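**Q** I'd like to ask some things about the structure below.
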Ligand SMILES: [Zn+2]
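Residue numbers (this note's numbering): 237 to 393.
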């Protein structure tokens, strides 16, 4: 892995993580500072939260999937299994009973990204972050990660 690749990926993740925490703040409290943890429901400042995965971050096709990543408090995210039972229950409540299977299927696919792809994602998520920060309605905006996978021939269910 080249350092250029790693740098681009780390940067994209950083922007995406902010996007997820802002999205979940707006979803759970209506403002951009505090969010409820996806797995314990307690309120935290988003600067003190993680963007936590259900399927491990090592699986590339679901690494930045908008359903697979949610704002979690550090206690929950870093507690052994990331509170997987509560995580699954919340996913099913939010997206229906098929979501776990869909995400698991997507995670099995293969996708290879280049440094330039990560840079594209950084730019796209930056735009989403500023929409959220400016109070614009982002709910209709398409998910950059899903679109990126599609251009790579991976269909995210
Ligand atoms: Zn928590």
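Ideal placement from N, C-alpha and C gives every residue a C-beta, glycine not left out. Since we're looking at a predicted model, the values are computed, not measured.
Taking residue 395 as part of the beta strand (DSSP E), name the residues at either end of that continuous run.
**A** Outside the shown range of the chain, which is 237 to 393, sits residue 395, and nothing can be said about it.
**Q** Looking only at its own chain, which residues have a Cβ that is under 7 Å from the Cβ of residue 347, when we skip the five neighbours before and after it?
**A** Stepping through the chain shown from its first residue, residue 347 is reached at position 111. For residue 347, where only same-chain residues beyond five positions count, the Cβ hits under 7 Å are 296, 297, 385, 388 and 390.
**Q** The alpha helix (DSSP H) spanning residue 327 covers which residue range?
**A** Your numbering for residue 327 matches position 91 in the chain shown. Counting along the chain, residue 327 sits inside the alpha helix (DSSP H) bounded by residues 320 to 331.
**Q** Determine the contact status of residue 354 and residue 244, defining contact as a CB-CB distance below 8 Å.
**A** Within the chain shown, the letter at position 118 stands for residue 354. Within the chain shown, the letter at position 8 stands for residue 244. In this structure, residue 354 lies near residue 244, with their beta-carbon atoms less than 8 Å apart.
**Q** Select from 289, 294, 310 and 293 the residue whose C-alpha is nearest the C-alpha of residue 283.
**A** Position 47 of the chain shown, counted from the start, is the residue given in the question as residue 283. Nearest of 289, 294, 310 and 293 to residue 283, Cα basis: 310.
**Q** At which residues does the alpha helix (DSSP H) containing residue 383 begin and terminate?
**A** As a first step, residue 383 is located in the chain shown; it is residue number 147 there, counting from the start. 380 to 387 is the span of the alpha helix (DSSP H), which, as asked, contains residue 383.
**Q** With which residues is residue 305 paired in a DSSP beta bridge?
**A** As a working mapping, residue 305 is identified with position 69 in the chain shown. In the DSSP output, where bridge partners are listed per residue, residue 305 has 289.
**Q** Please name the residue, chosen from 308, 324, 329 and 343, that lies closest to residue 293 on a Cα-to-Cα basis.
**A** Counting from 1 along the chain shown, the entry for residue 293 is found at position 57. Per the Cα distances, 343.
**Q** For a test of the three-state rule: what should DSSP assign to residue 349, helix, strand or coil?
**A** Here residue 349 corresponds to residue number 113 of the chain shown, with the count starting at 1. It is coil, neither helix nor strand.
**Q** Would you mind giving the Cβ-Cβ distance between residue 273 and residue 307, rounded to the nearest angstrom? I have them listed as a contact below 8 Å.
**A** Working through the chain shown from its first residue, we reach residue 273 at position 37. Working through the chain shown from its first residue, we reach residue 307 at position 71. 7 Å between Cβ atoms; contact.
**Q** With distances taken from CA atoms, which of 289, 268 and 246 is nearest residue 280?
**A** For the purposes of this step, residue 280 is taken as residue 44 along the chain shown, with counting starting at 1. When each option's Cα is compared against that of residue 280, the closest is 268.
**Q** How would you write the range of the beta strand (DSSP E) that residue 272 sits in, first residue to last?
**A** Taking the chain shown and counting its residues from 1, one reaches residue 272 at position 36. Taken as a continuous stretch (DSSP letters only), the beta strand (DSSP E) holding residue 272 covers 270 to 272.
**Q** If we count Cβ pairs, one from each stretch, closer than 8 Å, do we get three or more for the segment 312 to 326 versus the segment 370 to 386?
**A** In this structure the segment 312 to 326 does not touch the segment 370 to 386; the number of beta carbon pairs closer than 8 Å is below three.
**Q** Do you know whose CA, among 381, 357, 352 and 361, lies nearest residue 254's CA?
**A** Translated into the one-based positions of the chain shown, residue 254 becomes position 18. The shortest C-alpha separation from residue 254 is found at 361.
**Q** What number of angstroms, rounded off, separates the C-alpha of residue 271 from the C-alpha of residue 338?
**A** Locating residue 271 in the chain shown gives position 35, where the first residue counts as 1. Locating residue 338 in the chain shown gives position 102, where the first residue counts as 1. Rounded to the nearest angstrom, the two C-alpha atoms are 26 Å apart.
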